Each structure stands twice: as C-alpha cells, then as structure tokens.
Amino acid sequence: ETGVTQTPRHLVMGMTNKKSLKCEQHLGHNAMYWYKQSAKKPLELMFVYNFKEQTENNSVPSRFSPECPNSSHLFLHLHTLQPEDSALYLCASSQDRIPSSYEQYFGPGTRLTVT
Amino acid sequence: AQSVTQLGSHVSVSEGALVLLRCNYSSSVPPYLFWYVQYPNQGLQLLLKYTTGATLVKGINGFEAEFKKSETSFHLTKPSAHMSDAAEYFCAVSDSMQGGSEKLVFGKGMKLTVNP
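Sequence lines, in order, name chains A and B. Under this note's numbering, the first sequence has 57 at position 57, and the numbering climbs by one with no breaks. Start counting at 1 in the second sequence, then tack on 1000, and there's your number in this note's numbering.
Here it is as structure tokens:
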C-alpha cells in the first residue's frame, strides 16, 4: 500500500449504530487530519493530530470521536449520528502541522450514509 | 479569518479550449495558496501551490496559476483542455489561528466538464 488509505470506502449505518472509520498513511508523515466533505459546501476541517497529539477540534459534536494510536493510523469513531452527518469523510496527512505550506496528501474517503 | 471565493460551481469547456478557474481570497497578508483536484471517487490531489518567490506557479498536468496580490487572486489556467481534466477543482488558502496554529481554508469547489 502507498499513500493514504481509508477503510471502509462506503458505510451505511443507522442512527443508533456505532462504527469506526480507519485511516492509514504510509508516507512517514507526522500530522494527520479528518475532513468532512458535504455536497455544495467547502471542505470542513474536523480534527488535527500532530505527533499523535490532538491539536485541533473544530467544534465537532461529541458523537464524532477521533483516535490516533500512532503517527501512521487515525480513527474516527461514530455513534448516534444524525442524517445530516451523511457525507464523504476524508483523511489527510502532511509532513508536519506547521507551516501549512506542507502539501496534504488525501485518502480516497469514506462515503457515509446515515439512515 | 481567511475566506476563499470560487464563483459558480460548474464550468464547461470544449476539448482544446482554454481552462480558467477563478479564485479570490480575503486577506491582505499574502498567504500560502493551493489548488487541489479531485477526480471521481478519489481524494484531493495537489495541483500546485504558491508560497514565496515567483508569482507564476506551474503545476502538474499543464496547469498553472498566478498570484496577484493587488487583486487577491490566484486563478488557475490551462491553455488546452483535455478530456482527462474533467474533475472538481478546489482553491485553498492558509489561515493563521490563535496560538500560532495554521489550517487550510478551502473554497466550495468548481466542477469542470470537458466536452468533446
């Protein structure tokens, strides 16, 4: 595997389910990100990790819970989601967090549908 | 806080025609500027970026963009469109946050269709 991988690619879950999204980067980067991509809206930064430490939480509801066990892996744990949480969830990584001139490498995303 | 404006959501060109995708940002302080491309069912891929130095930046697949401070613009161009250029294009700008942190602010994106 190369670059940034995400699993699963598609996920359908009910509002009472608990599921997790997984991201893995094979680039030796130190920073990892979760973004939410909704139709006709700008990409929304959700969480940032640098050297496994969470450095940002952009006012994301607590039903989204990130986890970064090491610099290569990032998870997004989901529980009691709402239909408006349906979106494409993108993971990205970069060499470091700052400066932001470092290129971010994106995974293919997980298409989440909440029913 | 920075904002990015990509007017419209969809542009259609003929194969071989000029591609022009507009991007304006809000800050008077020159930020870092990026163009990303997203092909169907894929994540975003960097096309090009401006950090410092030459204001005309060349990227992959024949794309280039010019940073114009006076116009707070970073428009993306390609002289001759190819069918494979059909994708969604995102302009992004760096934004400084409290505590010395930084993040990327993305525009809403522009879907490019190339007609044969």
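No residue lacks a Cβ here, since even glycine has one placed at the ideal position from N, Cα and C. Since the structure is predicted, the reported quantities are computational estimates derived from the model, not experimental observations.
Query raised in the report: CA-CA distance, S1096 (chain B) and T1051 (chain B)?
Result: By 1-based counting over the second sequence, the position of residue 1096 (chain B) is 96. By 1-based counting over the second sequence, the position of residue 1051 (chain B) is 51. So the two alpha carbons sit approximately 14 angstroms from each other.
Report task. Report the option in B:K1058, B:Q1002, B:T1005 and B:L1033 whose CA atom is closest to the CA atom of P1118 (chain B). Result -> Outside the shown range of chain B (1001 to 1116) lies residue 1118 (chain B), about which nothing can therefore be said.
Query raised in the report: Leaving out the 5 sequence neighbours to the left and right, which residues in its chain are closer than 6 angstroms to K22 (chain A) when beta-carbon positions are compared?
Result: The residue given as residue 22 (chain A) occupies position 22 in the first sequence. Same-chain partners within the cutoff: T7 and F75.
Query - Proximal residues of chain B, C-beta to C-beta of E103 (chain A) below 9 angstroms - result: Along the first sequence, one-based indexing puts residue 103 (chain A) at 103. In chain order: F1034, L1046 and K1049.
**Report entry** Nearest candidate by alpha-carbon position, reference V4 (chain A), set A:A31, A:K40, A:K41 and A:L45
**Finding:** In the first sequence, residue 4 (chain A) corresponds to position 4, counting from 1. Selected option, being the one with the closest Cα: A:A31.
Requested in this report: Give the residues of chain A in contact with S1084 (chain B), contact being defined as C-beta atoms less than 7 angstroms apart.
Outcome: Start at 1 with the first residue of the second sequence, and residue 1084 (chain B) comes out as number 84. Within chain A, no residue comes near S1084 (chain B); the closest Cβ sits about 18 angstroms away, beyond 7 angstroms.
Query raised in the report: In three-state DSSP terms, what is S65 (chain A)?
Result: By one-based count along the first sequence, residue 65 (chain A) stands at place 65. In the structure shown, S65 (chain A) sits in a strand (DSSP, three-state: E or B).
Query - Burial state of F51 (chain A) (16 or more Cβ within 10 Å) - result: Counting from one through the first sequence, the residue named residue 51 (chain A) turns up at place 51. By the neighbour-count rule (16 or more Cβ atoms within 10 Å), F51 (chain A) is not buried but exposed.
Requested in this report: Enumerate, from N- to C-terminal direction, the unbroken beta strand (DSSP E) stretches of 3 or more residues contained entirely within the stretch 44-88 of chain A.
Outcome: 44-50, 53-57, 64-70 and 73-79
Query raised in the report: Residue range of the beta strand (DSSP E) that Y33 (chain A) falls in?
Result: For this step, residue 33 (chain A) is matched to residue 33 along the first sequence. A31 to Q37 is the extent of the beta strand (DSSP E) around Y33 (chain A).
Requested in this report: Step through the CB atoms of chain B and report whether any lies within less than 8 angstroms of the CB of F47 (chain A).
Outcome: Counting from 1 along the first sequence, the entry for residue 47 (chain A) is found at position 47. Chain B contact via Cβ: absent.
Query raised in the report: Taking the C-alpha atoms as reference points, what is the distance between K1049 (chain B) and S1084 (chain B)?
Result: As a first step, residue 1049 (chain B) must be located in the second sequence, where it is residue number 49. As a first step, residue 1084 (chain B) must be located in the second sequence, where it is residue number 84. So the two alpha carbons sit approximately 21 angstroms from each other.
**Report entry** Pairwise C-alpha distance: K1068 (chain B) and V1037 (chain B)
**Finding:** In the second sequence, counting from the first residue as 1, residue 1037 (chain B) sits at position 37. In the second sequence, counting from the first residue as 1, residue 1068 (chain B) sits at position 68. Going from the Cα of V1037 (chain B) to the Cα of K1068 (chain B) covers about 21 angstroms.
Query raised in the report: What number of angstroms, rounded off, separates the C-alpha of S62 (chain A) from the C-alpha of E44 (chain A)?
Result: Indexing the first sequence from 1 puts residue 62 (chain A) at position 62. Indexing the first sequence from 1 puts residue 44 (chain A) at position 44. Using only the alpha carbons, I get a separation of about 16 angstroms.
Query raised in the report: Does the distance from the C-beta atom of H1082 (chain B) to that of E1015 (chain B) stay below 8 angstroms?
Result: On the second sequence, residue 1082 (chain B) is found 82 positions in, with the first residue counted as 1. On the second sequence, residue 1015 (chain B) is found 15 positions in, with the first residue counted as 1. Yes, they are a contact pair.
Query raised in the report: When the Cα of K1108 (chain B) is compared with those of B:N1115, B:P1116 and B:C1091, which residue comes out closest?
Result: Taking the second sequence and counting its residues from 1, the one referred to as residue 1108 (chain B) is at position 108. With distances taken between Cα atoms, K1108 (chain B) lies closest to B:C1091.
Report task. Hey, could you find the ends of the beta strand (DSSP E) A1065 (chain B) is sitting in? Result -> On the second sequence, position 65 is the one that residue 1065 (chain B) refers to. Element bounds for A1065 (chain B): E1064 to K1068.
Query raised in the report: Given a threshold of 16 other Cβ atoms within 10 Å of its Cβ, counted over all protein chains shown, does G109 (chain A) qualify as buried or as exposed?
Result: Residue 109 (chain A) sits at position 109 when you count from the first residue of the first sequence. By the 10 Å Cβ count, G109 (chain A) comes out buried.
Requested in this report: Determine, using beta carbons only, whether G1008 (chain B) comes closer than 8 angstroms to chain A.
Outcome: One-based indexing of the second sequence puts residue 1008 (chain B) at position 8. Judged by the 8 angstroms Cβ criterion, G1008 (chain B) is not in contact with chain A.
Query - Listed by chain order, chain D residues near V4 (chain A) by CB distance under 8 angstroms - result: You won't find chain D in this structure, because its protein chains are A and B.
Query raised in the report: If K19 (chain A) sits next to L27 (chain A), beta carbons under 8 angstroms apart, how far is it from one beta carbon to the other, in whole angstroms?
Result: The count along the first sequence starts at 1 and reaches residue 19 (chain A) at position 19. The count along the first sequence starts at 1 and reaches residue 27 (chain A) at position 27. Not quite, the Cβ-Cβ distance comes to about 26 angstroms (not below 8 angstroms), so this is no contact.
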